[in-house]
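Counted the way the working numbering counts, the sequence shown spans residues 87 to 188.
Beta carbons: idealized from backbone N, C-alpha and C, even for Gly.
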Amino acid sequence: LWLPPLGFVIGLSALGAKTYRIYRIFTKTLENSQMVTDAALIKLLIFPVLLVVTLLAIQTAVAPPGPESIVVEDTSANVITTYDVCKFDTTFYFVIVSVLGA
């Protein structure tokens with residue numbers, strides 16, 4: 087539930103931070119010759135991650151995921167198979183995914 091949005095935002099934030107560093111290197115002038123520190127880039131990386139973690143924590147608190155059993159019956163072989171899956175509210179989850187895509 088948490089891994090796809092977190093993986094996406096970490097990957098996209100890292101690419102954004104690297105792109106920003108390259109932008110600052112190639113547009114540097116003599117009067118504005120500050121170096122881009124790793125701490126400044128980590129700030130760029132952490133803010134989106136904290137935003138997504140906050141949204142996911144709210145979703146987990148409001149509608150916590152729970153187990154759901156799915157029963158599959160095969161009448162020809164008289165076999166009943168039960169699968170346990172994680173059920174969660176997909177509405178808020180897709181709102182988070184759409185916010186990430188915007």
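| Asked | Found |
| --- | --- |
| Whether Cys172 touches Leu87 by CB criterion (8 Å) | yes |
| Member of Val138, Ile166, Thr167 and Glu154 whose CA lies at the smallest distance from the CA of Phe180 | Val138 |
| CB-CB length for Phe174 against Pro151, believed under 8 Å | 4 Å |
| Val158 vs Thr146 beta-carbon contact at 8 Å | no |
| Cutoff 6 Å; reference Pro153; Cβ partners in own chain excluding five residues on either side | Asp170 |
| Which of helix, strand or coil DSSP assigns to Val171 | strand |
| Paired residues, beta bridge with Ile128 - DSSP | Answer is none; Ile128 lacks a bridge partner. |
| Contacts around Val135, its chain only, beta-carbon distance under 8 Å, and the 5 residues preceding and following it disregarded | Leu92, Val95, Ile96 and Ser99 |
| Between the CA atoms of Ser155 and Ala149 - distance to the nearest angstrom | 18 Å |
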